[in-house]
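Below is one structure, written out as structure tokens; comments come after it.
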Amino acid sequence: MLIVSPAMCARHAMLNLHPALPGGPTGSWQQVIWELLRRDASETGAMIHLVTPELDRGPVVSFDRFPIRGGAFDPLWEAFDGKLAAGGLAAIIEEEGEAEPLFALIRSTGEAREIPLLYRTVAQFVRGRLRAAHGHVLSTTPLPMDLTAEVELEDGS
């Protein structure tokens, strides 16, 4: 994770790929996933936003979402909840860290979707449908763009 100065934000239009939905947890991908687990979240995703001095809170350009309940996630939530009841979140982080199975599945699922989201978003800039100017993103369509369906086509979900 790269944090830039307010002067850099004022001088350059920069995009950030952040591994959470708009309004979701801030910080590194590790911090985001632990916070999702702490919150007992049912879904997550990723967003691309304009970089501002406020960490992970710039104007959102695009996002995609996916469930972290159902299917392969449910037995892992059950096991995670058992570990949580037995020793707490701090113990899980200390003992297993990123190898914790639910944590790892959330990460791998999100990671597989990041490049398609980034590609689809940058393509909108290339086609002239999006433009960054003076700390804002100008668009020919309403923002933020929900690119979930397009990401799933590329991801095979």
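Take any residue in the sequence shown, count from 1 to its spot, add 11: that is its number in this note's numbering.
Where a beta carbon is used, it is the ideal one built from N, C-alpha and C, also for glycine.
DSSP, reduced to helix, strand and coil, places I44 within a helical segment of the structure shown.
Taking each of F91, A134, T132 in turn and checking the Cα distance to L47, the smallest one comes out for F91.
For the pair R22 and Q42, the Cα-to-Cα distance works out to about 29 Å. Inter-residue distance for V148 and R80 is about 33 Å (C-alpha atoms, whole angstroms). Using a C-beta cut-off of 8 Å, the stretch 146 to 162 makes contact with the stretch 55 to 65, since at least three inter-stretch Cβ pairs fall below that distance. By the Cβ test, the stretch 128 to 143 is not in contact with the stretch 106 to 114, since fewer than three Cβ pairs between them sit closer than 8 Å. The DSSP-derived three-state label of E54 is strand. A check of alpha carbon separations from G139 across V72, L164, S150, L32 identifies S150 as the nearest. By alpha-carbon distance to L164, the top candidate from K94, G98, L128 is L128. D67 counts as buried, since no fewer than 16 other beta carbons sit within 10 angstroms of its beta carbon. Taking a C-beta distance under 9 Å as the contact criterion, L95 and L116 do not qualify as a contact pair. A distance of 9 Å or more separates the beta carbons of R118 and D75.
Residue pairing by DSSP places D67 in no beta bridge whatsoever.
The Cβ atoms of P30 and W40 sit closer than 9 Å to each other.
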